[in-house]
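Chemist: Numbering (UniProt numbering), first residue to last: 1 to 244.
Ideal Cβ placement from N, Cα and C applies to all residues, glycine included.
Please read these numbers as outputs of a predicted model, since none were measured by experiment.
Sharing a structure with you now.
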């Protein structure tokens, strides 16, 4: 997780092979972590590549129609400016770009075969950790005091996590619904009605998983009493110093 955050902070990324040097030069000035040194919009609008690209978009190909031969000859004799020619990537370029990210594609296919285990990217992690979460802006003070979800990381395989989770939930006399190999819903009957919880496993890396416990419907105080018991049971899963 820390490696992903470091890449975001340093703006570490790569370009497709068909990007021209001018495009890369402009993007290198845009994708800068420090806002003080990042290019301004007015500077982007005056960038040579940006101006030429917009000019090329404005070029309209003449449509054949009534006219004199001299008009056609005049139009044909005027060479089109080379700067306004839009270069599109060839099929070879597209294939090369796909090969550059073949590992990511294979990883996505593997995830689907694993029964829906979702791989979290850097933006998912930031949002979950609250760095970019905007939903708290629209919550009341009472809602903010109640923790809607909590997370912890573990190095245990996903299948083993699910086995232990269902065992813990059964020991607390919950009604369990297994959605897939990475998600389980549980309902506990309490004196104040049913309390629900949704537990989902995400893959962060080959040997690292994140487990999210989300509160469902039901009485808040009964939920926290239930969650305290469940949290005590789940201590065998939690990697030290990684629960939130």
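Over the uninterrupted alpha helix (DSSP H) stretch that includes residue 160, give me the two end residues.
Modeler: First-last of the alpha helix (DSSP H) with residue 160: 158 to 171.
Chemist: Kindly indicate which residue of 41, 187 and 202 has the alpha-carbon position closest to the one of residue 196.
Modeler: For the residues 41, 187 and 202, the minimum Cα distance to residue 196 belongs to 187.
Chemist: Between the Cα of residue 177 and those of 198, 125, 192 and 158, spot the shortest distance and give me the residue it belongs to.
Modeler: With distances taken between Cα atoms, residue 177 lies closest to 198.
Chemist: What runs of the beta strand (DSSP E), each 3 residues or longer, lie entirely inside the segment 199 to 233?
Modeler: Correct list: 208 to 215.
Chemist: In its own chain, which residues sit with a C-beta less than 6 Å from the C-beta of residue 29, not counting the 5 before and 5 after it?
Modeler: These residues qualify, in order along the chain: 39.
Chemist: In whole angstroms, what separates the C-alpha of residue 44 from that of residue 10?
Modeler: In a straight line, the C-alpha of residue 44 is about 21 Å away from that of residue 10.
Chemist: Assign residue 183 to buried or exposed, taking buried as 16 or more other Cβ atoms, counted over all protein chains shown, within 10 Å of its Cβ.
Modeler: Under this definition residue 183 is a buried residue.
Chemist: In terms of residues, what are the limits of the beta strand (DSSP E) holding residue 176?
Modeler: First-last of the beta strand (DSSP E) with residue 176: 175 to 180.
Chemist: Using DSSP with H/G/I as helix, E/B as strand and the rest coil, what is residue 188?
Modeler: Of the three classes helix, strand and coil, the one that applies to residue 188 here is strand, per DSSP.
Chemist: Just reading off the beta strand (DSSP E) that residue 17 is part of, what are its end residues?
Modeler: That residue, residue 17, is in no beta strand (DSSP E); it is neither H nor E in DSSP.
Chemist: Pull up the distance between the alpha-carbon of residue 156 and that of residue 171, whole angstroms please.
Modeler: Answer to the nearest angstrom: the Cα atoms are 21 Å apart.
Chemist: To the nearest angstrom, how far is it from the Cα of residue 201 to the Cα of residue 236?
Modeler: Computed Cα separation, rounded: 16 Å.
Chemist: Going by DSSP in three states, residue 23 sits in which element: helix, strand or coil?
Modeler: It is helical.
Chemist: For residue 164 and residue 190, I'd like the C-alpha separation in whole angstroms.
Modeler: Each residue's alpha carbon lies about 23 Å from the other.
Chemist: To the nearest angstrom, how far is the alpha carbon of residue 232 from that of residue 14?
Modeler: Each residue's alpha carbon lies about 44 Å from the other.
Chemist: Is the beta carbon of residue 120 less than 8 Å from the beta carbon of residue 203?
Modeler: In contact: residue 120 and residue 203 (Cβ atoms closer than 8 Å).
Chemist: Would residue 261 and residue 192 be called neighbours here (beta carbons separated by less than 8 Å)?
Modeler: Within the shown structure, residues of the chain are numbered from 1 to 244, placing residue 261 beyond reach of any answer.
Chemist: Could you give the residue range of the beta strand (DSSP E) that holds residue 154?
Modeler: Taken as a continuous stretch (DSSP letters only), the beta strand (DSSP E) holding residue 154 covers 149 to 154.
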